[in-house]
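Take a look at the structure below.
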Amino acid sequence: MEWTAAAIAKGAATSGSTLTLIKGALKLMAWTKAKTAIVVSGCALLVAGTTTIAIYNVNKPIQGIPKDWSVLSGNSEQWNWTNGVINGHSTTGESILASGKEYHNVTLSAIASTTNREATLAIRMLDAKNGYLIVFVPFSSDDGLINLIKRLDGDETVLASYHGRLLSSVDRTAKIAITADGPLIEVRLSGTRILRVMDTTFSTGLIGFRIFGEANWPCDATFSKVTF
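With positions in the sequence shown counted from 1, the corresponding number in the working numbering is that position plus 27.
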């Protein structure tokens, strides 16, 4: 390019139109470089922005809930704390709120309540797809029950189920306690043992709570007087 420009500059017959074309070409090259830099810069900003948002969603603290607790599935906006009560609401599937610490032998107790679907306790959760769930469905629903479920790689197995008369006395609010002691797992309802199983799949993990709701069947649950 330099050689061509010099040769043309020395030529007596160089026309104004040729110089105009060269200047136009140089301007076009400069604009192309600038546009490429803008696109690359824009992409870098977009990637950086996306990364920041992802980190924010994962680590955003939930007001009133211990800082080391976070969501394993769903998002933090589905959970809040009011006057000592953990509230969960979902219309978009499952959300699990879990501790940041793993427990081996532990008793997790809470007064669980739901107005429309379920309120679930969780223990020994390795992640959202592995652990034990204690699902409370009120007696006033179509099929009141308390299920002890093992979730392994996302597949669920009911280890034990309770449909007894105690459910009719608690209606939509129940005091539930689950104790894990080695392979022994026991569930109590209002202080009475209702489920007892032996399972060695998970020996340690996180504790917490789960909700599950859909657009046409939301889930609203509360967990109060939580001890562990």
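Note that beta-carbon positions come from the ideal geometry of N, C-alpha and C, so glycine has one too.
Compute the Euclidean distance between the alpha carbons of residue i and residue j, then round it to the nearest angstrom.
i	j	result
Ser196	Pro165	10 Å
Glu145	Leu193	17 Å
Leu222	Ala207	12 Å
Ser122	Leu211	26 Å
Ala149	Arg237	7 Å
For residue i, which of the options has the nearest alpha-carbon?
i	options	result
Ile92	Ser100, Gly101, Gly115	Gly115
Ile234	Asn110, Ile212, Leu160, Ala146	Leu160
Leu99	Ala248, Trp108, Gly120	Gly120
Arg139	Asn102, Ala155, Ala187, Val162	It should be pointed out that residue 139 corresponds to Ala in this sequence rather than to Arg. Checked all of Asn102, Ala155, Ala187, Val162; the closest Cα to Ala139 is Val162.
Ala137	Thr228, Ile203, Gly232	Ile203
His131	Met152, Asp198, Arg178	Met152
Gly181	Gly158, Thr227, Ile89	Gly158
Met225	Glu213, Gly232, Lys128	Glu213
Asn102	Val253, Phe250, Phe239	Phe239
DSSP has residue i in a bridge; who is on the other side?
i	result
Asp95	None; Asp95 has no bridge partner.
Asn143	Asn143 is not bridged to any residue.
Val164	Leu172
Ser188	Asn174
Phe255	Answer is none; Phe255 lacks a bridge partner.
Asp182	Leu179
Asn110	According to DSSP, which records beta bridges pairwise, Asn110 is partnered with nothing at all.
Ala204	Ser136, Arg215
State the DSSP-derived secondary structure class of residue i, mapped to helix, strand or coil.
i	result
Ser126	coil
Ser117	strand
Ser230	coil
Ser136	strand
Ser196	helix
Ser103	helix
Gly235	strand
Ile218	For the record, residue 218 in the displayed sequence is Gly; it is not Ile. Residue state, collapsed to three classes: coil.
Asn157	strand
Gly209	coil
Ile150	strand
Ala248	strand
### Message
Any contact between the region 141-155 and the region 242-251? By contact I mean 3 or more CB pairs, one from each, below 8 Å.
### Response
yes
### Query
Contact between the region 216-231 and the region 93-112: three or more CB pairs below 8 Å?
no
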